[in-house]
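Each residue of the sequence shown is one higher than the one before, counting from -1 in the numbering used here.
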Amino acid sequence: MATILSQIVEVCIFRWSAGEPQYLLLQRADDEELYPGIWQIVTGSMKKNESADKSALRELEEETGLRPKRFWTVPIMDSYFDKRNDTIQMVPVFAAEVDAALDVRLSHEHRRFEWLAYDAARDRVVWPGQRQAIEIVHEFIAGGKEAARLLEITQF
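Structure follows, in structure tokens:
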């Protein structure tokens, strides 16, 4: 029987440009063993005894060199079945607003990045769960609905 685990986090990063949100997508390096060349939001593994929010902040900085000016938990769990390990991964999702003036510094895991408008970002990601995360972040968090206020993590 498959084991249910939560060992991965995802972070949907956005910035504001000319009054519109732009979303950061990363293209995995061609020499990565798992899913080389795909476009994705920040995705990374939690360390032992590390909370999901701390993992998300660490992965954000490790994969992009960015630190958030605002940070939220997103009301969605991405999930997938990992056949290699016979596990079901439940993936907490976070959102991070970053300063538009900051430079992205990619880790070795990625070869390119792009800041994209909502429609282009939603259409570029491979995984449906990441597409849905971008949709929720766009509507509720970047859109400034009450959920943004309720879900914001103010101490990080």
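Every residue gets a Cβ at the ideal spot worked out from N, C-alpha and C, and that includes glycine.
Spatial distance of E18 from K143 (CA atoms): Taking the straight line joining both Cα atoms gives about 15 Å.
Whole-angstrom distance between R65 and E48, CA atom to CA atom: Cα to Cα, E48 sits roughly 18 Å from R65.
Beta-carbon proximity list for G127, same chain, < 6 Å, skipping 5 on both sides: Taken in chain order, the residues that qualify are D76.
Any 3 or more C-beta pairs closer than 8 Å across the region 13 to 32 and the region 81 to 90: By the Cβ rule, the region 13 to 32 does not count as touching the region 81 to 90, because fewer than three pairs are nearer than 8 Å.
Supposed contact pair F12 and E95 - C-beta distance, whole angstroms, cut 8 Å: Sure, about 6 Å apart at Cβ, within 8 Å.
Length of the line joining the Cα atoms of H108 and E61: Going by the C-alpha atoms only, they are around 8 Å apart.
Proximity winner among L22, D97, E8, relative to A115 (alpha-carbon distances): Considering only L22, D97, E8, the residue with the shortest C-alpha distance to A115 is L22.
Minimum C-alpha distance to A131 - residue among G63, E8, S105, R26: Among G63, E8, S105, R26, the Cα nearest to that of A131 belongs to E8.
Opening and closing residue of the alpha helix (DSSP H) in which D121 lies: Note, D121: alpha helix (DSSP H), 116 to 122.
Alpha carbon of M88 to alpha carbon of L3, nearest angstrom: Here the alpha carbons of L3 and M88 stand approximately 6 Å from one another.
For F92 and A54, believed in contact at Cβ under 8 Å, the rounded distance: Cβ-Cβ separation between A54 and F92: approximately 4 Å, consistent with a contact (criterion under 8 Å).
Cβ shell of T1 (< 6 Å), same chain only, five flanking positions each side left out: Hits under 6 Å: T85.
Opposing strand residues paired with M88 [DSSP bridges]: For M88, DSSP records a beta bridge to S77.
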